[in-house]
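Undergrad: Top line first, the protein sequences correspond to chains A and B.
Start counting the first sequence at 17; every next residue gets the next number (my numbering).
Start counting the second sequence at 12; every next residue gets the next number (my numbering).
Glycine included, C-beta positions come from ideal geometry on N, C-alpha and C.
Encoded as structure tokens, here's the structure I'll be asking about.
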Amino acid sequence: MRLRPAFLAACLLLVGRGILSAQDRRITERLDPVTADAVQHLVDSARTAGLPAEPLVQKALEGSTLGAGGDRIRAAVSVLFAQLSRARAALGTSASDAEVTAAAGALRAGVPADTLQHLRALRSGRSLVVPISVLADLVAEGTPLDRAYQSVFDLARDGRPDDDFLALRRREVRQAVGAPDPADAQAPKPAPDPPAKP
Amino acid sequence: MTARALGVLAALAVATTPVEAQFTGALDVGAGTAHSDDAFSGAVATLAPSITFERGSLRVGATGAYSSGLSGRWNFQGGTTAALISPRVGPFALEASGTLGWTWHDDVDGATTVEGRLRALAYPSATTTVWLGASVGNAYSLGLGRPLRRTQVGSAARLGPFRVALSLTSTAFDIGTSPIGPSAASDATADTLAVSGARSLRRSVFTDGMLSGRLTLAAFDFDVALGRRFSQSTPELTLWSAMVSRGLTPGLALVAGAGRSATDPVTALPGSSYFVLGMRVRFGSPSARAHPVEHAEKREAGALRIGPVEAAGRILRLRAPGARVVELAGDFTDWLPVRLERRGKEEWVGRMAIAPGIHRVAMRVDGGEWRPPPGTRPVTSEFGPDVGEIVVE
């Protein structure tokens, strides 16, 4: 009888741990126990911190399929965890998991965090998954960041639908062999000309 | 000659660039006030259409600006430019362009200009472009063709949400005047160069240094520019402009602009101080939207192709000549290898559920090394072998 409180506490603890860290069978079945524990810990931390966990699982599985050792898998998942954290910080707590995942990919591609914040402000209340994905893809394909940034922002500012971002990507990716026109960045529209002297 | 070279360049570009074309355009309609250097002062109405055609590395644009005063005086300045840019070699690229411009006025002869330009571009970083260019051409008016030369150096960069550019453009223009007399000396921007028969030929040389910037905040675009015109024979002049546009709908924006522009000796358009308020209507959209798959197929024969969503999943196809077993793994298979089925001699097919977005994927032939499937973007994996990235729409 004296053990009952301790027994109940242990049960509650186990149940709580089970809720918090529902073991992902994909991890436990395909990774060695040490790596699986480490990855599971990061997955749990992600859930606690409001970060998407599935990308972490996929990263670990990718490592497993590609034959990586436990150390490399743990390191890669940790790096991704940090990227997701930065992405969440850039987009705010209202961002969806899909947006945060896309933003982490953009950070990995070299898109600055303040660019993501700016995009968030520009497209408040609408999904950023496609715009961010397109921006990340353009940069990764070799489109200069400046050009990719302006193209995506022009569409976002105008409230264009996702299809227009995808169309932009198709067009830009095929032009990646080219380069931006510096004149685009120069300037303002020409001044209106006054009527000429007779 | 310049126009012919431009035509050849354009034809080559169109013929050799296997990409879709895009038309975009805008029409600005406004009204305001202008106080010009030639003493005109008063209300003006402006109409400024622009259109751009892009296909691969070719860009053709046309712009126009019509201004009319209450007195009935008007002018129209138009121009069309075609530019062809080379593939990048390391951080460098070349751009060749040609411009045809013209001005019309209500009661005086206008001018027609033809210019050819070559520009070297360098990209020292992902957010910075530097260029050095030179152009030659002619301006025709009053039955005379007069040579025109420009050199330009500049740089554009992105600093956070700001886009800034700094440029120096030097223009040398031979001005013909007729006949020689007191009026010929009235143009203080010119230095006498030569005298030929009843006409004098003088060279106007001036350099415009401009610092410009653009900032987009929410639905607002801000464009500002500040510069100085330098010339040996004319008082220095500070130039500036500020424009703000506020998008109202995807195709409509409210625009307001003010500034101080300089006289253009080439077209004889006078400089002015101005303020204009108006509307901008934008139109045009990518023309390739209806045929993305066909373009993807042209892009790389044998590339991994992913079909549209179907009830049983998307169909994936790729070519792997000589393979006995082809496996695909990606984040849409939980990185479990999935065997594809052979169709015909070289094509392999699978059906999988893939959500729209960016995905990582790898393929393996006959149990060999994992590698990026053809047509995907190779990315360095933290785990050794490269994998591919694809965007699924």
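Measure the C-alpha to C-alpha separation of valine 155/A and leucine 123/A and round it to an integer number of angstroms.
TA: 10 Å
Undergrad: Since glycine 220/B contacts aspartate 48/B with CB under 8 Å, what's their CB separation in whole angstroms?
TA: Going by Cβ atoms, the distance from glycine 220/B to aspartate 48/B rounds to 20 Å, so no, they are not a contact pair.
Undergrad: What residues of chain B sit near valine 215/A, judged by a beta carbon separation below 9 Å?
TA: Outside the shown range of chain A (17 to 214) lies residue 215/A, about which nothing can therefore be said.
Undergrad: I'd like the list of long-range same chain contacts for glycine 192/B, defined as Cβ closer than 8 Å, with 5 residues on each side in sequence excluded.
TA: Note on glycine 192/B: pLDDT 38, under 50, position unreliable in the model; the coordinate value appears next. Closer than 8 Å at the Cβ level, and outside the excluded window around glycine 192/B, lies no residue.
Undergrad: Any beta-carbon of chain B closer than 8 Å to the one on glutamine 56/A?
TA: no
Undergrad: Does the beta-carbon of alanine 94/B have 16 or more other beta-carbons within 10 angstroms, so that it is buried, or is it exposed?
TA: Counting Cβ neighbours within 10 Å, alanine 94/B comes out buried, since at least 16 surround it.
Undergrad: Using the C-alpha atoms, what's the distance from leucine 47/A back to serine 80/A?
TA: 7 Å
Undergrad: Quick check on threonine 81/A - is its C-beta less than 8 Å from some C-beta in chain B?
TA: yes
Undergrad: On the DSSP letters alone, give me the boundaries of the alpha helix (DSSP H) that arginine 163/A sits inside.
TA: 161-173
Undergrad: Glycine 341/B: which of Pro332/B, Arg371/B, Phe231/B sits nearest, CA to CA?
TA: Cα-wise, what sits closest to glycine 341/B is Arg371/B.
Undergrad: DSSP on arginine 293/B, reduced to helix/strand/coil?
TA: strand
Undergrad: What in chain A is Cβ-close to glycine 258/B, meaning under 8 Å?
TA: Arg173, Asp174, Gly175
Undergrad: Which residue comes first and which comes last in the alpha helix (DSSP H) that contains alanine 103/A?
TA: 86-107
Undergrad: Could you check whether the Cβ of glycine 141/A sits closer than 8 Å to any Cβ belonging to chain B?
TA: no
Undergrad: Going residue by residue through the region 320-356 of chain B, where are the continuous beta strand (DSSP E) segments of at least 3 residues, counting only ones entirely within it?
TA: 325-330, 337-341, 352-354
Undergrad: Could you give the C-beta distance for serine 178/B and valine 216/B, rounded to a whole number, given that I count them as a contact under 8 Å?
TA: With 8 Å as the limit, serine 178/B and valine 216/B do not qualify as a contact, their Cβ atoms being about 17 Å apart.
Undergrad: Give me the Cα-Cα distance between valine 398/B and threonine 74/B, rounded to the nearest whole angstrom.
TA: 45 Å
Undergrad: Could you name the residues of chain A that tryptophan 381/B contacts, counting a contact when the two beta carbons are closer than 9 Å?
TA: Thr81, Leu82, Gly83
Undergrad: Which residues in chain B have a C-beta closer than 9 Å to the C-beta of arginine 41/A? List them in chain order.
TA: Simply none; closest approach about 11 Å.
Undergrad: For proline 389/B, go through chain A and note every residue whose CB falls closer than 7 Å to its CB, in chain order.
TA: Those do not exist, as proline 389/B stays about 10 Å from chain A at its closest Cβ, beyond 7 Å.
Undergrad: Buried or exposed: glycine 121/A, going by 16 or more other Cβ atoms within 10 Å of its Cβ?
TA: buried
Undergrad: Quick one: using the 10 Å Cβ neighbour count with 16 as the cut-off for buried, is leucine 24/A buried or exposed?
TA: Per-residue confidence for leucine 24/A stands at a pLDDT of 47, beneath the threshold of 50, marking its modelled position as unreliable; no derived number is given.
Undergrad: With H, G and I counted as helix, E and B as strand and the rest as coil, what does DSSP make of proline 384/B?
TA: DSSP places proline 384/B in coil when its eight states are reduced to three.
Undergrad: Cβ of proline 160/A within 8 Å of Cβ of threonine 117/A?
TA: Not a contact, by the Cβ cut-off of 8 Å.
Undergrad: Looking only at C-alpha atoms, which of Arg169/B, Asp185/B, Lys356/B, Leu132/B sits nearest to asparagine 149/B?
TA: Asp185/B
Undergrad: Hey, does glutamine 99/A have any beta-carbon neighbour from chain B nearer than 8 Å?
TA: no
Undergrad: At 7 Å on the CB atoms, spell out the chain B contacts of glycine 121/A, in chain order.
TA: Per Cβ cutoff of 7 Å: Ile369.
Undergrad: In this structure, how does DSSP classify threonine 391/B when only helix, strand and coil are distinguished?
TA: coil
Undergrad: Can you find a CB in chain B that lies within less than 8 Å of the CB of arginine 136/A?
TA: By this cut-off, arginine 136/A is not an interface position.
Undergrad: Mind pulling the chain B residues with CB within less than 9 Å of aspartate 48/A?
TA: When 9 Å is used as the limit between beta carbons, aspartate 48/A is near no residue of chain B, the shortest such separation being about 15 Å.
Undergrad: When the distance is taken between beta carbons, is lysine 75/A closer than 8 Å to alanine 92/A?
TA: yes
Undergrad: Listed in chain order, which residues of the region 99-113 of chain A have Cβ atoms closer than 8 Å to some Cβ of chain B?
TA: none
Undergrad: List the DSSP bridge partners of arginine 41/A.
TA: Per DSSP, arginine 41/A has no beta-bridge partner at all.
Undergrad: Hey, is arginine 174/B's beta-carbon within less than 8 Å of any beta-carbon in chain A?
TA: yes
Undergrad: Measuring CB atoms only, is the region 261-272 of chain B touching the region 138-145 of chain B, in the sense that at least three cross pairs come out at less than 8 Å?
TA: no
Undergrad: With burial defined as no fewer than 16 other Cβ atoms inside 10 Å of the residue's Cβ, what is the status of serine 152/B: buried or exposed?
TA: buried
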